[in-house]
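Residue numbers (this note's numbering), protein chains in the order written: chain A, 1329 to 1663; chain B, 1329 to 1663.
Notes for the one structure printed next.
There are 2 protein chains.
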Amino acid sequence: MTIHISVDAMGGDHAPAEIVAGVLQAAQKWPDTGILLVGNQDAVGPILKSLVTEVPENLAVIHAPSVITMEDTPVDAIRKKPDSSIVLSAELVRRGEAAAMVSAGNTGACVAIASLLLGLLDGVKRPGIAVPMPTPDGCAILIDAGANMSCKPAHLLQYGAMASVYYENIFGVKRPKVGLLNVGVEDAKGNELVKQTRSLFQKSTLNFIGNIEGQDIYRGNCNVVVCEGFVGNVILKATEGVAETVEILLTKSLRGLVDSQGRSQLGCDPVAIVKEKMDYAEYGGAPLLGLKGACIICHGRSRGKAICNAIRVARDIARHQVNDQIVNQVRDLPQ
Amino acid sequence: MTIHISVDAMGGDHAPAEIVAGVLQAAQKWPDTGILLVGNQDAVGPILKSLVTEVPENLAVIHAPSVITMEDTPVDAIRKKPDSSIVLSAELVRRGEAAAMVSAGNTGACVAIASLLLGLLDGVKRPGIAVPMPTPDGCAILIDAGANMSCKPAHLLQYGAMASVYYENIFGVKRPKVGLLNVGVEDAKGNELVKQTRSLFQKSTLNFIGNIEGQDIYRGNCNVVVCEGFVGNVILKATEGVAETVEILLTKSLRGLVDSQGRSQLGCDPVAIVKEKMDYAEYGGAPLLGLKGACIICHGRSRGKAICNAIRVARDIARHQVNDQIVNQVRDLPQ
């Protein structure tokens, strides 16, 4: 059976041009996958025409004329703008016409609309954003990056379980190592939430390695980093901030050594190397785990490559039946 | 009146050698400041002798024979090991023989021992660790970096006030900008703690700029970043982790271009530039604000330069009567 993915053409800093570019890459790469590009036909059509003489057979444009503004609440958006690109992308998944949706639009709106329209998987209490964080040899998954501001221990336990299933299927690592983000490795460290969560994890069959600290996120000694949405969101943005500061520093210190292509005297461009590694857009977006169907949230500044990567992730989630495995895994957790 | 600073000679990864080196730099730099180097005479004496033919007049060694281990609770340490270097350093401040203490030892032990022995300033509810974070043109102060795991809104408000006084005096910026770390800039964003704290800040006379996000910590648009100890600690360590990852990346990508001194072909060493900027040890330690006297906590891996910088901070806090100003500032906060 062909897998279909709906893609919001209108969300993101570089929409619709870069979204269209990414979708074309994906359509050419995976001819077995149907891509439903959801956006304003008048905006999307000319861009498509400028990029290809013939639109690939597995790519269809779904017209979505209205636009969700920052003033629309998610409930308003669903009720009053069912023909907006985010709502329609989610609606296609809800109706089973697509297995997953991809959007680089407003994260809050995506989370709310996808949660409302798709609903939770059996047994799942809260959805969580599973975002890739750079490590020397690949990436770790941090969950939750901002869907759930005030978590209970049971939510964090489920996040660990869901992200383990995701990591195993997408990155091919059996029994990924799960760490609980804390201020120290000792049992007594941390707030009440992490202390209670820790003992739940210890009773589970997950590959729980215990407390980890902030620096461990990027060291690669842990595959899944579990934390509350407030903390995860701040960390995610702080990571971007540090990378940005380093890029500014390097650009300054290497001025004169690097030409506009960044290659003249060094044989490589250190700024670009840092940028590429630290830019989580490159890793293919962040799934909102725990929902029926799937929703992949991309960074607002995603370009074509990142959108294509996100479509790959959406496709892999569907192909590997990650959701069925999540339901099983969550059912087996200690209560 | 001469200011005296007590310095724990035994705490930190490079103690006592680097502590002694830093203390010597400071003693030579500020002859008007008395430095009480607290540590095991048998360990400290020979190092001093190897570094100088004559110990500066303003430097005295205070013998502290016992060692606090990871097994000692702070209360145990104070009761059973009053002659350990951390307890004795704090005791000198409590007795008024030193204005401030500096330690690169176990942070948890420092916080607990200093809090127990020195006590809180009038009106202050909780002490907070005020740690410098790198920005393009200097640093911002993040408070709390881990003294107080579960904060109330009134604690965060006081942190903003205390760190404002500190920033103004140490970095010479009038009415520093105070930001509340959150997941978005909008009022409705965040958890209950930040929502309630935000309205307290708005009623205060502090230069409150509203919510800030993770990336803003390093952008320099905010001088004081306020957050709960759990979040601050994780962010602090995550910042180190990102910097570490970037250093590994750069070292790999520049291999062959940089010799062991790091200077041959580039005219500069990008790895060293990043390291120096991102290494918060360089900025002179983190004061535990809110205590009578002062306690400057240094990074465990501090070397001589960082210890000397921390002594400068301790000295400046005493010279500028930062504590008196904090008491006044806290008294004027909305209840």
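Glycine residues also receive a C-beta, built at the ideal position from the N, C-alpha and C atoms.
Model, not experiment: these values are computed from the prediction.
Touching by the beta-carbon criterion (3+ pairs, under 8 Å), the stretch 1516-1527 of chain B and the stretch 1559-1567 of chain B | In short, these stretches do not touch, since the Cβ pair count stays below three.
Would you mind telling me which residues of chain A sit closer than 8 Å to M1429(B), beta carbon to beta carbon, in chain order?
-> Under the 8 Å cutoff, chain A gives no residues; its nearest Cβ is about 22 Å from M1429(B).
Chain A contact residues for P1462(B), given Cβ-Cβ distances below 7 Å = Neighbours of P1462(B) across chain A, judged by C-beta separation under 7 Å: T1573.
Please list, in chain order, all residues of the same chain as Y1495(A) whose beta carbon is under 7 Å from its beta carbon, the five residues on each side excluded.
-> Hits under 7 Å: I1469, V1501, P1504, N1551, V1552.
Report the residue from V1351(B), I1363(B), K1605(B), R1526(B) whose alpha carbon sits nearest the alpha carbon of V1421(B).
-> Ranking V1351(B), I1363(B), K1605(B), R1526(B) by Cα distance to V1421(B) puts I1363(B) first.
Listed by chain order, chain B residues near P1598(A) by CB distance under 7 Å = Under the 7 Å cutoff, chain B gives L1578, S1581, L1582, P1598.
Taking only beta-carbon atoms, is S1592(A) less than 8 Å away from chain B?
-> Residue placement at S1592(A) cannot be trusted, given a pLDDT of 46 that sits under 50; what the coordinates show is reported in the next sentence. Taking 8 Å as the threshold, the shortest C-beta distance from S1592(A) to chain B does not fall below it.
Sheet register partners of T1361(A) (DSSP bridge) | Answer by DSSP bridge pairing, in chain order: I1331(A).
Near-chain A residues of the stretch 1531-1544 of chain B (beta-carbon distance less than 8 Å), N- to C-terminal order | Residues E1541, G1542, Q1543, D1544.
G1628(B) and D1341(B): beta carbons closer than 8 Å?
-> Yes, they are a contact pair.
Beta-carbon separation of R1643(A) and I1333(A) under 8 Å?
-> Yes. Within cutoff.
Would you mind telling me which residues of chain B sit closer than 7 Å to R1547(A), beta carbon to beta carbon, in chain order?
-> Chain B residues near R1547(A): G1569.
Below 8 Å between beta carbons: does that hold for A1489(B) and V1658(B)?
-> Between A1489(B) and V1658(B), the CB-CB gap stays under 8 Å.
Measure how close the beta-carbons of S1394(B) and S1412(B) come, nearest whole angstrom, since I'm counting them as under 8 Å.
-> Under the criterion of beta carbons closer than 8 Å, S1394(B) and S1412(B) qualify as touching, at roughly 4 Å.
Can you give the Cα-Cα distance for D1652(B) and L1521(A), rounded to whole angstroms?
-> Pairing D1652(B) with L1521(A), the inter-Cα distance amounts to about 36 Å.
Can you list the residues of chain B that S1630(A) reaches, using a CB-CB cut of under 7 Å?
-> Per Cβ cutoff of 7 Å: no residues; S1630(A) is ~17 Å from chain B at best.
Using a Cβ-Cβ distance under 8 Å, would V1511(B) count as near chain A?
-> Chain A places a beta carbon closer than 8 Å to that of V1511(B), counting this residue as a contact.
Exposure label - N1434(A); buried when at least 16 CB within 10 Å = If you draw a 10 Å sphere on the C-beta of N1434(A), you find 16 or more other C-beta atoms in it, and that means buried.
Please list the partners that L1661(B) has in chain A, where partner means a Cβ-to-Cβ separation under 8 Å.
-> The premise fails here: L1661(B) is roughly 24 Å from chain A at the closest Cβ pair, so nothing lies under 8 Å.
Could you list which residues in chain B have their beta carbon closer than 8 Å to that of N1519(A), in chain order?
-> By Cβ distance, chain B contributes M1477, S1478, F1558.
Does the beta carbon of G1474(A) sit closer than 8 Å to a beta carbon anywhere in chain B?
-> With a threshold of 8 Å between beta carbons, G1474(A) makes contact with chain B.
Which residue spans inside the stretch 1446-1473 of chain B form an unbroken alpha helix (DSSP H) run of at least 4?
-> Taking only runs of at least 4 residues, no alpha helix (DSSP H) segment lies wholly in the stretch 1446-1473 of chain B.
In the structure shown, what three-state DSSP assignment does M1429(B) receive?
-> In the structure shown, the three-state DSSP call for M1429(B) is strand.
Under three-state DSSP, which class holds D1370(B)?
-> Here D1370(B) carries a helix assignment [DSSP, helix/strand/coil].
Range covered by the beta strand (DSSP E) that runs through L1598(B) = According to the sequence provided, residue 1598(B) is Pro. The question's Leu does not apply to it. Taken as a continuous stretch (DSSP letters only), P1598(B) belongs to no beta strand (DSSP E), being part of the alpha helix (DSSP H) at 1598-1606.
Using the rule of at least 16 other Cβ atoms within 10 Å of the residue's Cβ for burial, across every protein chain shown, is E1604(A) buried or exposed?
-> So E1604(A) ends up on the exposed side.
Hey, does L1416(A) have any beta-carbon neighbour from chain B nearer than 8 Å?
-> No, its Cβ sits nowhere closer than 8 Å to a Cβ of chain B.
Where S1592(A) sits in the DSSP three-state scheme = Any answer about S1592(A) is weak, because its pLDDT of 46 lies below 50 and its placement is not dependable; what the coordinates show is given next. Three-state result, S1592(A): coil.
If you drop the 5 nearest sequence neighbours on each side, which residues of the same chain put their C-beta closer than 6 Å to that of C1479(A)?
-> So the qualifying residues of the chain are E1556.
Assigned exposure category for P1344(A) - 16 Cβ within 10 Å defines buried | Result: buried.
Span of the beta strand (DSSP E) around C1636(A) | Per DSSP, C1636(A) belongs to no beta strand (DSSP E); it is in the alpha helix (DSSP H), 1632-1647.
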